[in-house]
Amino acid sequence: MLEVRDLDVSFGRARRRFKAVDGVSLTVGPDETLGLVGESGSGKTTVARVVVGLVKPDSGDVLFDGKPLGPVGRRPASLQRAVQMVFQDPRSSLNPRMTVSAVIDEAWRTHPESAPTGDRTAGLHQLLDDVGLDATVARHRAGELSGGQCQRVSIARALAVKPRLLVCDEAVSALDVSVQSQILRLLVDLQQRHHLSMLFISHDLGVVHQIADRIAVMRRGVLVEEGVATDVLSDPQHEYTRSLLDAALELTKES
Amino acid sequence: MTVSLEVAGLVVDLPGRDGPVRVVDEVSFDIAPATTVGLIGESGSGKTMTANAVIDLLPDGARTGGALRWQGEDLLQVSASRRRRVRGHEIAMIFQDPLAALNPTQTVGRQVGEILRRAGRPSDEVRRRVLELLDRTGIPEPATRSRNYPHEFSGGMRQRAMIALALAGSPALLLADEPTTALDVTVQARILRLLRDIQEDEGLAMLLVSHDLRVVNHVAHQVVVMYAGRVAERGPTAALLSKPAHPYTRALVDSVPAVRTRTALAHPLPGTPATPANRPSGCAFHPRCPIARELCRTEQPAVREVGAGRWTACHFAEELVG
Ligand SMILES: Nc1ncnc2c1ncn2[C@@H]1O[C@H](COP(=O)(O)OP(=O)(O)OP(=O)(O)O)[C@@H](O)[C@H]1O
Ligand SMILES: Nc1ncnc2c1ncn2[C@@H]1O[C@H](COP(=O)(O)OP(=O)(O)OP(=O)(O)O)[C@@H](O)[C@H]1O
Ligand code: SF4
Ligand SMILES: [Mg+2]
Ligand SMILES: [Mg+2]
């Protein structure tokens, strides 16, 4: 369904030009979750931004259902809607002066076919409830929310237009673990009922292990390992993946 | 025991559409020099506002109550000029959202060196210190990278720039709000080691606000758990996380997934998280609590001692800790 082939991305000009993504290929199948993990600064967000059309690659193909995705400005509305992203810094991806209800309304205005057919307020409250937010939050401005509340609003905004591919960049990292598992359950549920595919970027290997079918590991712009989630995390093949697992902390619980 | 920061009955009211909203309600805990207090809890429970109160960066119109004793002096009472002097030099903060906290129009190097420049240090010394800090926080090629703007950094690099900026003034107390969420675990380990070294060498006290219970378990000496603006429980880390004395802490601990084996998704708590504007009666956790009784609906539990250094705000804590 999503196919990324031989992606190269560089930043900077002339002598300061450097490759942030170097020959990355990956696929996300229908109803599948691909976990993307790896070194900080290795190019994960850059890959995600190419997929949603915010960064232009030097070369490579990004195909959705076999068709090229292209930059966001030239994407047909239906494809724009189909591919949604939850950004790494939730606070800066929301306009602090906009109320939560205006944020969701804007998404529905941009893609009217995804707006609730009946009562909009009921639809809004359902959406907020799904992401663990009280209905009273609707009247707040984004600037008056906690970090995790902003993050849930970003998730709600992405889900509001019923995407087919959701790109999650550290989308649950500002949430307490109880709300985190509620959101992950919601995503898994949407996946099963509404055919949602996910590209799920996270540094929390425990969370990735819970939700991903397959995992790809990046380091310095390159994909170093890829495989079935439990295989990669229980029996890593690449040295870098092993070093990640060695550094990962566990919470040892009382049995 | 010497205390570097004493948070005593801290109250924060923020202006809301329908009158003031209490987002921090009678929160108390101490931080001793060279120790770390982990502040965990519900998203929206007032952790960031607690830290913001300490560093005097509350939103406009906020009102405070209680006391924040910093080396004997109540920060809520001192003059504005004294508070400005404390901020950055004695107490520094790593903000939760680096992209929002950093200035988009200035290079990273310039921002990290700002506090030193303002203190009148010579420019070559400032530059040396900036590069050293970027290097110690694991930014590759610090000399080149210090000339980048924040948007040219990855999320984790911005977070490290934020850490370097906070450490630049050699503070005695560091308020670290989710300092490692954007870091891979090897960089995370490096940052935690760096902070521990500074703690050992310079006696740095630290308030670590985090949703990552594994990190808190690894570095914090004491833990404070917040729910709906109040302290749910507090106590020594190992005891608190292995045998919680509050059902909310229990739910949190039970939701932490393992890394090396696949954990099923935890069952969510019933209902939605409390908000300050919509606070349930009695114990704010009662609509979601698996062991709630009638008493919980009407009586707000006081924070009381239930064992060596362990304090909880649950009527029935004995059923959990025995
Ligand atoms: N707009 C930009 N201009 C210049 N360099 C950039 C830009 N965006 C990203 N980079 C650089 O590209 C590299 C990859 O960054 P990216 O944000 O994709 O990393 P990441 O894997 O998401 O890291 P993290 O886990 O820290 O978020 C980094 O070296 C970063 O500094
Ligand atoms: N500027 C503001 N004006 C009004 N209310 C605010 C403002 N900032 C935060 N709040 C409210 O205060 C409460 C406490 O927020 P705070 O940011 O301290 O939560 P937190 O515990 O840090 O949560 P998180 O883990 O999600 O970051 C939240 O319910 C939030 O909605
Ligand atoms: S006081 Fe009652 S509702 Fe509150 S945590 Fe304890 S048992 Fe649960
Ligand atoms: Mg990133
Ligand atoms: Mg916060």
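Going line by line, the protein sequences match chains D and A.
Position 57 of the first sequence, counted from 1, bears residue number 61 in our numbering, the numbering being contiguous throughout.
Position 104 of the second sequence, counted from 1, bears residue number 100 in our numbering, the numbering being contiguous throughout.
The C-beta atom is built at its ideal place from N, Cα and C for all residues, glycine as well.
Source: prediction; values computed, not measured.
Whole-angstrom distance between residue j and residue i, CA atom to CA atom
{"i": "A/G5", "j": "A/Q73", "result": "14 Å"}
{"i": "A/I36", "j": "A/K43", "result": "7 Å"}
{"i": "D/Q195", "j": "D/V66", "result": "22 Å"}
{"i": "D/G47", "j": "A/R258", "result": "26 Å"}
{"i": "A/R246", "j": "A/G62", "result": "29 Å"}
{"i": "D/E258", "j": "A/A234", "result": "Bear in mind that a pLDDT of 47 at D/E258, under 50, signals an unreliable position, so the number given afterwards is only what the model happens to contain. Whole-angstrom Cα-Cα distance: 10 Å."}
{"i": "D/D282", "j": "D/A106", "result": "Since the first residue shown for chain D is 5 and the last is 259, residue 282 of chain D is missing from the structure and cannot be characterised."}
{"i": "A/G189", "j": "A/G231", "result": "Checking the displayed sequence, the identity of residue 189 of chain A turns out to be Arg instead of Gly. Using only the alpha carbons, I get a separation of about 23 Å."}
{"i": "A/V122", "j": "A/R113", "result": "7 Å"}
{"i": "A/F281", "j": "D/R53", "result": "40 Å"}
{"i": "A/H311", "j": "A/P297", "result": "6 Å"}
{"i": "D/L132", "j": "D/V157", "result": "8 Å"}
{"i": "A/D208", "j": "D/V181", "result": "8 Å"}
{"i": "A/L169", "j": "D/L137", "result": "33 Å"}
{"i": "D/G33", "j": "A/R192", "result": "44 Å"}
{"i": "D/G151", "j": "D/S185", "result": "17 Å"}
{"i": "A/L129", "j": "D/S118", "result": "48 Å"}
{"i": "D/L227", "j": "A/W66", "result": "49 Å"}
{"i": "A/P11", "j": "A/T32", "result": "31 Å"}
{"i": "D/A18", "j": "D/A81", "result": "36 Å"}
{"i": "A/H242", "j": "A/M222", "result": "11 Å"}
{"i": "A/H85", "j": "D/Y244", "result": "38 Å"}
{"i": "A/D52", "j": "A/R80", "result": "8 Å"}
{"i": "D/V25", "j": "D/L11", "result": "7 Å"}
For residue i, the three-state DSSP class (helix, strand or coil)
{"i": "D/E258", "result": "Reliability fails at D/E258, whose pLDDT of 47 lies under 50, so the model's placement of it is uncertain and the value that follows must be treated cautiously. Reduced to three states, the DSSP call for D/E258 is coil."}
{"i": "A/S24", "result": "strand"}
{"i": "D/L248", "result": "helix"}
{"i": "D/Q72", "result": "The residue asked about is misnamed: residue 72 of chain D is Pro in this sequence, not Gln. It is a strand residue."}
{"i": "D/E243", "result": "helix"}
{"i": "D/C172", "result": "strand"}
{"i": "A/L237", "result": "helix"}
{"i": "A/R226", "result": "strand"}
{"i": "D/S14", "result": "strand"}
{"i": "D/A111", "result": "helix"}
{"i": "D/Q130", "result": "helix"}
{"i": "A/I90", "result": "strand"}
{"i": "A/T325", "result": "Since the displayed chain A opens at -3 and closes at 318, residue 325 of chain A lies outside it and no answer follows."}
{"i": "D/V104", "result": "helix"}
{"i": "A/N48", "result": "helix"}
{"i": "A/V(-1)", "result": "coil"}
{"i": "D/M5", "result": "coil"}
{"i": "D/E117", "result": "helix"}
{"i": "D/S182", "result": "helix"}
{"i": "A/A63", "result": "strand"}
{"i": "A/Q107", "result": "helix"}
{"i": "A/V82", "result": "helix"}
{"i": "A/E295", "result": "coil"}
Proximity test, residue i beta-carbon vs ligand 3 heavy atom, cut-off 6 Å
{"i": "A/E288", "result": "Reading off the sequence, residue 288 of chain A comes out as Ala, not Glu. Yes, Cβ of A/A288 sits closer than 6 Å to a heavy atom of ligand 3."}
{"i": "D/C154", "result": "no"}
{"i": "A/P269", "result": "no"}
{"i": "A/P283", "result": "no"}
{"i": "A/P243", "result": "yes"}
{"i": "A/P297", "result": "yes"}
Residue i CB to nearest heavy atom of ligand 5 below 6 Å
{"i": "D/S150", "result": "yes"}
{"i": "A/Q92", "result": "yes"}
{"i": "A/T44", "result": "yes"}
heavy atom of ligand 2 below 6 Å from residue i C-beta
{"i": "A/S337", "result": "Since the first residue of chain A shown is -3 and the last is 318, residue 337 of chain A is not available in this structure."}
{"i": "A/G134", "result": "no"}
{"i": "A/S39", "result": "yes"}
{"i": "A/P55", "result": "yes"}
{"i": "A/P272", "result": "yes"}
Any non-hydrogen atom of ligand 1 within 6 Å of residue i CB
{"i": "A/F25", "result": "no"}
{"i": "D/F15", "result": "yes"}
{"i": "A/E148", "result": "yes"}
Closer than 7 Å to chain E by CB, residue i
{"i": "A/S277", "result": "Included in the structure are the protein chains D and A, with no chain E among them."}
(message) Beta-carbon distances below 7 Å to any heavy atom of ligand 4 define the shell here; list its residues in chain order, please.
(response) Per the Cβ criterion, the list is D/K48, D/T49, D/Q92, D/D173, D/E174, D/I205, A/S150, A/G151, A/G152, A/A178.
(request) Flag this pair as touching only if the segment 75 to 91 of chain A and the segment 154 to 170 of chain A have three or more C-beta atom pairs under 8 Å; answer yes or no. (result) They touch, by the three-pair rule.
(request) Taking 8 Å as the threshold, find out whether the segment 136 to 153 of chain A comes into contact with the segment 103 to 110 of chain A through three or more Cβ pairs. (result) The segment 136 to 153 of chain A, when compared against the segment 103 to 110 of chain A, does touch it at the 8 Å Cβ threshold.
(message) Does the structure place the segment 23 to 36 of chain A close enough to the segment 212 to 222 of chain A that three or more beta carbon pairs sit under 8 Å?
(response) With contact defined as three or more Cβ pairs closer than 8 Å, the segment 212 to 222 of chain A and the segment 23 to 36 of chain A are in contact.
(request) Examine the Cβ distances between the segment 220 to 230 of chain A and the segment 299 to 310 of chain A and report whether three or more of them are shorter than 8 Å. (result) Remark: three or more beta-carbon pairs, one from each stretch, lie closer than 8 Å, so the segment 220 to 230 of chain A and the segment 299 to 310 of chain A are flagged as touching.
(message) When you compare the segment 67 to 78 of chain D with the segment 199 to 207 of chain D, are there three or more beta-carbon pairs, one atom per stretch, that lie closer than 8 Å?
(response) Contact between the segment 67 to 78 of chain D and the segment 199 to 207 of chain D is absent, because fewer than three Cβ pairs lie under 8 Å.
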